[in-house]
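Student: Here you go, one structure.
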Amino acid sequence: MSAPQTSIAPSLNDILSALELRLESEEAINKLPLTRALEQCLSFAQANNCIELSELIKQELYGFSSQPPTYRYVQLSYFDAGGQFINGLSQYSVYPVVTGVCKLELHLKNGLTLILPKQILTFLSQVSGREVDNGHVSPAVITNLLEIIRNEITYKISKDIPKKVN
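According to the working numbering, the sequence shown is numbered sequentially starting from 1006.
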């Protein structure tokens, strides 16, 4: 039986350093750095009674149950079974990614993409008059989204948390 570890909330400087950490792509994917940084942010926010920040970080980590912030919308293209681009769906090309950072980083680690639900593909097929086989969020788009999330959270912490809380 191991001795219990004491949990010490990280300082604001530790949090910002963790958020700013940028590793080589493969190393970053294997270590899930944004997930770890957000977990530190959550611990800090809870320890300092920053309720609004805690809620945002929980949603970023585990997913949004309602509309996500505008920075979580991505552009999609749609393709038929033969891989041909389908025109006429530009009004449906902006897609909200409600999936949490934990799952997004795990998708990258395992070489997966986010695939749209079958109901959406069926709807798009009806609208376009062609079978929409796929519309997915690629690893490159996921990587870019994670960087945007990192920047947004860093900005929010830097702006909203007084520097004296260290």
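For each residue, glycine too, the CB sits at the ideal point set by N, CA and C.
Is there contact here, the segment 1150-1169 with the segment 1046-1065, by at least three beta-carbon pairs under 8 Å?
Tutor: Yes: at least three Cβ pairs fall under 8 Å.
Student: Just the Cα atoms here: how many angstroms apart are V1103 and S1070?
Tutor: Working through the sequence shown from its first residue, we reach residue 1103 at position 98. Working through the sequence shown from its first residue, we reach residue 1070 at position 65. Each residue's alpha carbon lies about 7 Å from the other.
Student: How many Å lie between P1101 and K1123 at the Cα?
Tutor: The residue labelled residue 1101 in the question sits at position 96 within the sequence shown. The residue labelled residue 1123 in the question sits at position 118 within the sequence shown. When rounded, the distance between both Cα atoms is 16 Å.
Student: So, at 6 Å on beta carbons, what are the nonlocal neighbours of E1032 in its own chain, with the 5 sequence-adjacent residues on each side left out?
Tutor: As a working mapping, residue 1032 is identified with position 27 in the sequence shown. In this predicted model, E1032 has a pLDDT of only 48, less than 50, meaning its place in the structure is not dependable enough to derive any value.
Student: Helix or strand or just coil, what does DSSP make of F1069?
Tutor: What you label residue 1069 is simply residue 64 of the sequence shown in a count that begins at 1. In this structure, F1069 counts as coil in the three-state DSSP scheme.
Student: When the distance is taken between beta carbons, is V1142 closer than 9 Å to L1129?
Tutor: Here residue 1129 refers to the residue found at position 124 of the sequence shown. Here residue 1142 refers to the residue found at position 137 of the sequence shown. Contact: no.
Student: Whole angstroms are fine: how far does the CA of A1086 sit from the CA of L1058?
Tutor: Looking up residue 1058 in the sequence shown gives position 53. Looking up residue 1086 in the sequence shown gives position 81. Cα to Cα, L1058 sits roughly 43 Å from A1086.
Student: Quick one: residues in its chain with C-beta nearer than 7 Å to the C-beta of V1135, no 5 flanking neighbours on either side, listed in chain order?
Tutor: Within the sequence shown, the letter at position 130 stands for residue 1135. The amino acid at residue 1135 is misidentified as Val; the sequence shows Arg. So the qualifying residues of the chain are D1085 and I1091.
Student: Less than 9 Å separating the beta-carbons of G1140 and Y1078?
Tutor: For the purposes of this step, residue 1140 is taken as the residue at position 135 of the sequence shown. For the purposes of this step, residue 1078 is taken as the residue at position 73 of the sequence shown. Taking 9 Å as the Cβ cut-off, G1140 and Y1078 do not qualify as a contacting pair.
Student: Report yes if the CB atom of T1118 is closer than 9 Å to the CB atom of I1147, and no otherwise.
Tutor: As a first step, residue 1118 is located in the sequence shown; it is residue number 113 there, counting from the start. As a first step, residue 1147 is located in the sequence shown; it is residue number 142 there, counting from the start. Yes.
Student: May I have the straight-line CA-CA distance separating P1144 from G1116, to the nearest angstrom?
Tutor: Numbered from 1 along the sequence shown, position 139 holds the residue referred to as residue 1144. Numbered from 1 along the sequence shown, position 111 holds the residue referred to as residue 1116. So the alpha carbons of these two residues sit roughly 7 Å apart.
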